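S.K.:
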Amino acid sequence: MLHVRNLEVAYGRLQALWDVSFEVPRGKIVALIGANGAGKTTTLKTLAGLLVPKAGIIEFEGRRLDGSSPARIVRAGLVLVPEGRRLFPEMTVEDNLLMGAYATPKAGRPERLERVYTIFPRARERRRQLAGTLSGGEQQMVAIGRGLMADPSVLMLDEPSLGLAPLMVEEMFGVVTEINATGVTVLLVEQNTQHSLRIAHRGYVVEAGRTVLAGTGQELLRNDEVRRAYLGL
Amino acid sequence: MPRFTLPALLAAALIAAPLLSTHSFVHHLLIMVLFSTLLGLSWNLLGGFAGQVSFGHSAFLGLGAYSTLLLYLKLGLSPWFGLLAGGAVAMAVAVPIGLICFRLRGPYFSLATLAVAEIIRLVALNWDDLTAGPQGLIITHLPATSILGQTVNWESKLPFYYLIAVLALLGMGLTHLVARSRLGAYLLAVREDLESAEAVGIDTVRTRVLALALSALLVGLAGGFYGLYFRYIDPDAVFSVALSVEMVFIAVVGGIATTAGPIVGAIVLVGISETFRTQFQSGHLIFYGLFMMLVIRYLPDGIWGRVRLALKQARER
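Sequences listed follow chains A and B, in order.
For the first sequence, the working numbering gives the first residue as 1, with consecutive numbering after it.
For the second sequence, the working numbering gives the first residue as 1001, with consecutive numbering after it.
(1) So with CB distances below 7 Å, who are the chain B contacts of L187 (chain A)?
(2) Measuring only between beta-carbons, confirm whether M141 (chain A) sits less than 8 Å from chain B.
(3) Would you kindly work out how many angstroms separate the C-alpha atoms of A1016 (chain B) and I1164 (chain B), rounded to a whole number?
(4) For T1207 (chain B), which of B:G1220, B:R1191, B:L1218 and B:A1092 has the nearest alpha-carbon?
(5) Does the distance from the CB of I1120 (chain B) to the CB of Y1232 (chain B) come in under 8 Å?
(6) Within a Cβ cutoff of 7 Å, which residues of the same chain sit near P1262 (chain B), ignoring the five residues on either side of it in sequence?
(7) Can you pull the DSSP bridge partners for H1284 (chain B)?
(8) Starting from the Cα of R1301 (chain B), find the closest Cα among B:A1257, B:R1182, B:A1222 and B:D1234 and give me that residue.
(9) Our contact map puts V1245 (chain B) next to F1055 (chain B) with C-beta atoms below 8 Å; I'd like the distance itself, whole angstroms only.
(10) With 16 as the cutoff for other CB atoms within 10 Å, does N192 (chain A) come out buried or exposed?
(11) For V81 (chain A), I'd like the list of residues in its chain whose CB is within less than 8 Å of its CB, leaving aside the five on either flank, ordered along the chain.
(12) What is the rounded straight-line gap between the Cα of F1287 (chain B) and the Cα of A1242 (chain B)?
(13) Using the DSSP secondary-structure output, state which residues sit across from E207 (chain A) in a beta bridge.
(14) Would you list, in chain order, the members of the segment 1174-1205 of chain B that have their beta-carbon closer than 7 Å to a beta-carbon of chain A?
(15) Residues of chain B with CB under 7 Å from Y102 (chain A), in chain order?
(16) Are the segment 43-51 of chain A and the segment 6-15 of chain A touching by the rule of at least three beta carbon pairs closer than 8 Å?
(17) For N180 (chain A), name the three-state secondary structure that DSSP assigns.
(18) Less than 8 Å between C-beta atoms, sequence neighbours within five positions excluded: which residues of the same chain meet that for T997 (chain B)?
(19) Please list the terminal residues of the continuous alpha helix (DSSP H) segment that includes N223 (chain A).
(20) Anyone know if the C-beta pair for G1064 (chain B) and A1090 (chain B) falls short of 8 Å?
(21) Rounded to whole angstroms, what is the Cα-Cα separation between N36 (chain A) and P152 (chain A)?
(22) Can you name, in chain order, every residue of its own chain whose Cβ lies under 8 Å from the Cβ of R122 (chain A), other than the five neighbours on each side?
(23) Counting along the chain, where does the alpha helix (DSSP H) carrying F22 (chain A) start and finish?
(24) For a contact defined as C-beta to C-beta under 8 Å, what are the partners of E90 (chain A) on chain B?
(25) What separation, rounded to the nearest whole angstrom, lies between the Cα atoms of P53 (chain A) and D66 (chain A)?
(26) Could you tell me the distance, in whole angstroms, from the CA atom of G1062 (chain B) to the CA atom of E1118 (chain B)?
(27) Give a yes or no on whether 8 Å exceeds the smallest Cβ distance from L80 (chain A) to chain B.
(28) Going by CA-CA distance only, name the one from A:V189, A:F88, A:G34 and A:V20 that's closest to T247 (chain A).
(29) Which bits of chain B does M99 (chain A) rub up against, with CB to CB less than 7 Å?
(30) Within the same chain, show all residues whose beta-carbon is closer than 6 Å to that of G1227 (chain B), passing over the 5 residues directly before and after it, in chain order.
(31) When the cut-off is 8 Å and only beta carbons count, does A71 (chain A) lie next to chain B?
(32) Suppose the cutoff is 7 Å on Cβ atoms and the five residues either side in sequence are ignored; what does the same chain contact list for S1157 (chain B) look like?
(33) Which word fits W1304 (chain B), buried or exposed, when buried means at least 16 other C-beta atoms lie within 10 angstroms of its C-beta?
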């Protein structure tokens, strides 16, 4: 459903991605793993239209999306939950969620809000609270909820477990699986290699701006190189 | 409190205020307060709600002023239509400027507005054929108008007071509507986190351009009023950086992103200027600056912002 081929991205004269290629099949969870600075976040930002690629192809449901504006990409159904949650801190939880529905027709919004509250009961409890006053874990859940409000066919999650307590990390990965089970395709960028490969159907290893290794989650978990470099085994 | 109580009280106060004194200096003060309110409201729409800090808002004020006076002097267009045309011209110029400058973020946008205002000032200063350059434009006579069967000859200050009162109310109404509307929510999202706003699919350039256009409309109207009231404009007066910065102060002192903030800021700042001006001449700016420092240090939410917070806390208790 999403094909990325030979993607190259540069920040001015500094090239961050040299050759990133991967596929995200419908209904699956795909994980991009790799060290700090490997280019994972850059890849997601480019897919979301926040960065413009220098070369390469992004094809989503048969349509070229490279070079499109973020607004059009969101409407096409490719939605990013940015790294570090990036909520609107001085808006209430509910307003944050509703803001996520910006690009969608009015009709389905109440149902989607209800669905998000069912997945995240704590967001419902705190819906009148300012988002900036939530704990890190709660904020991450609201950020994912905001992404779901855009009615994505592919949800891109950038480091959702970053800075969360171990128990929250468990819960978060549980939620990602749950969301995927409702039919939303997930593209997951993570440093928590172990966890993400365990829930991912497919994984890619990104190194120095290149996708260097691909396989199913299980294959990568057993791969010697991955075990040595990213799992410390 | 019923919904219309506050606006009705405000309108009543505005109608009654000038009748309390026949002194023309008092009327002048009231006019300056409302004029400053309008400036603050305009800046606040863009700088307060959308968080896009402009240091070049005098560009739009000057465009409004020059349009109004030039249309009257060169084409004989009634200045009261000219005033509206001034707002429209400011708005029309603002849109392409916004489309270009909103590619820049944060401080770079602010610097660009400063540069744009300087460019427009220099053009006005050197385009002698159109603007009469540094000489400026003077109107010696304003045609009498008939309003509701009454002939208004614009010799006294009272008609000007009511004109600016209407414009200031218009500005407050517009701000109130924007604050309550979806646009207001989008502006807030843009201010809070531009990247997240883009990630949820908001067209942030269009949203900001819209805010700039509304803001330019208000300050363009204010510019037209300025030209008619003072009957003299020159590039260094209406396109000055000092004027742009004053607009920032009015909004900040009153309370950023509030509807009533600019009127509070305008009362306080005009009050301070006029009080100290009589005693210290241009030394009054020292007090102005001192006051700004105190506000920024102790009331970062502005005076009205603080009051509003206190009221909210009292209600929740």
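Just so it is clear, CB atoms sit at the ideal spot from N, CA and C, and this is done for glycine as well.
For clarity, every value in this text was computed on a predicted model and none was experimentally measured.
M.R.: Based on what the coordinates show:
(1) For this step, residue 187 (chain A) is matched to residue 187 along the first sequence. Simply none; closest approach about 14 Å.
(2) The residue labelled residue 141 (chain A) in the question sits at position 141 within the first sequence. No, its Cβ sits nowhere closer than 8 Å to a Cβ of chain B.
(3) Within the second sequence, numbered from 1, the residue matching residue 1016 (chain B) stands at position 16. Within the second sequence, numbered from 1, the residue matching residue 1164 (chain B) stands at position 164. One C-alpha to the other measures close to 14 Å.
(4) Within the second sequence, numbered from 1, the residue matching residue 1207 (chain B) stands at position 207. Ranking the options by Cα distance to T1207 (chain B), first place goes to B:R1191.
(5) Within the second sequence, the letter at position 120 stands for residue 1120 (chain B). Within the second sequence, the letter at position 232 stands for residue 1232 (chain B). Contact: no.
(6) Counting from 1 along the second sequence, the entry for residue 1262 (chain B) is found at position 262. Once the five neighbours on either side are set aside, the close Cβ partners of P1262 (chain B) are T1037, G1040, L1041, N1044, I1250, A1251 and G1254.
(7) Stepping through the second sequence from its first residue, residue 1284 (chain B) is reached at position 284. DSSP output for H1284 (chain B) lists no bridge partner at all.
(8) Within the second sequence, residue 1301 (chain B) is the residue found at index 301, counting from 1. It is worth fixing the name first, because residue 1301 (chain B) is Asp in this sequence and not Arg. For D1301 (chain B), the nearest C-alpha among the options comes from B:A1257.
(9) In the second sequence, residue 1245 (chain B) corresponds to position 245, counting from 1. In the second sequence, residue 1055 (chain B) corresponds to position 55, counting from 1. 7 Å between Cβ atoms; contact.
(10) On the first sequence, position 192 is the one that residue 192 (chain A) refers to. Label assigned to N192 (chain A): buried.
(11) For this step, residue 81 (chain A) is matched to residue 81 along the first sequence. Only A143, I144, R146, G147, L155, M156, L157, D158 and P160 meet the Cβ criterion.
(12) Residue numbering aside, residue 1287 (chain B) sits at position 287 when the second sequence is read from its first letter. Residue numbering aside, residue 1242 (chain B) sits at position 242 when the second sequence is read from its first letter. Approximately 16 Å between the Cα atoms of the pair.
(13) Here residue 207 (chain A) is taken as the residue at index 207 of the first sequence, counted from 1. DSSP, once it has assigned bridges, lists A:R210 as partnering E207 (chain A).
(14) A1185, L1188, A1189, E1192, D1193, E1195, S1196, E1198, A1199, V1200, G1201, I1202 and D1203
(15) Position 102 of the first sequence holds residue 102 (chain A). The answer, in chain order, is V1200, G1201 and I1202.
(16) yes
(17) If you number the first sequence from 1, residue 180 (chain A) lands on position 180. N180 (chain A): helix per DSSP, three-state reduction.
(18) With chain B represented from 1001 up to 1317, any question about residue 997 (chain B) goes unanswered, as that position is not in the structure.
(19) One-based indexing of the first sequence puts residue 223 (chain A) at position 223. No alpha helix (DSSP H) contains N223 (chain A), which DSSP labels as neither H nor E.
(20) Sequence index remark: in the second sequence, residue 1064 (chain B) carries index 64 (1-based). Sequence index remark: in the second sequence, residue 1090 (chain B) carries index 90 (1-based). Yes, Cβ-Cβ distance for G1064 (chain B) and A1090 (chain B) is below 8 Å.
(21) As a position in the first sequence, residue 36 (chain A) is number 36, starting the count at 1. As a position in the first sequence, residue 152 (chain A) is number 152, starting the count at 1. One C-alpha to the other measures close to 27 Å.
(22) For the purposes of this step, residue 122 (chain A) is taken as residue 122 along the first sequence, with counting starting at 1. If we look at R122 (chain A) and ignore the five residues flanking it on each side, its Cβ neighbours are E138 and M141.
(23) Taking the first residue of the first sequence as 1, we reach residue 22 (chain A) at position 22. Per DSSP, F22 (chain A) belongs to no alpha helix (DSSP H); it is in the beta strand (DSSP E), L14 to V24.
(24) Against the first sequence, residue 90 (chain A) aligns to sequence position 90. Within 8 Å Cβ-Cβ: L1188 and E1192.
(25) For the purposes of this step, residue 53 (chain A) is taken as residue 53 along the first sequence, with counting starting at 1. For the purposes of this step, residue 66 (chain A) is taken as residue 66 along the first sequence, with counting starting at 1. Going from the Cα of P53 (chain A) to the Cα of D66 (chain A) covers about 7 Å.
(26) Locating residue 1062 (chain B) in the second sequence gives position 62, where the first residue counts as 1. Locating residue 1118 (chain B) in the second sequence gives position 118, where the first residue counts as 1. Those two C-alpha atoms are separated by around 11 Å.
(27) On the first sequence, residue 80 (chain A) is found 80 positions in, with the first residue counted as 1. Yes, L80 (chain A) counts as interfacial toward chain B.
(28) The question about residue 247 (chain A) has no answer here: the residues shown for chain A are numbered 1 through 233.
(29) Translated into positions along the first sequence, residue 99 (chain A) becomes position 99. Residues of chain B passing the Cβ test: A1185, A1189 and V1200.
(30) Counted from its first residue, the second sequence places residue 1227 (chain B) at position 227. Here the set comprises A1065, T1068, L1069 and I1233.
(31) As a position in the first sequence, residue 71 (chain A) is number 71, starting the count at 1. It does; some Cβ of chain B falls within 8 Å.
(32) Mapped onto the second sequence, residue 1157 (chain B) falls at position 157. Per the sequence shown, residue 1157 (chain B) should be read as Lys rather than Ser. Excluding residues within five positions, the ones whose Cβ falls inside 7 Å are S1024, H1027, H1028 and I1031.
(33) Counting from one through the second sequence, the residue named residue 1304 (chain B) turns up at place 304. Burial call: buried.
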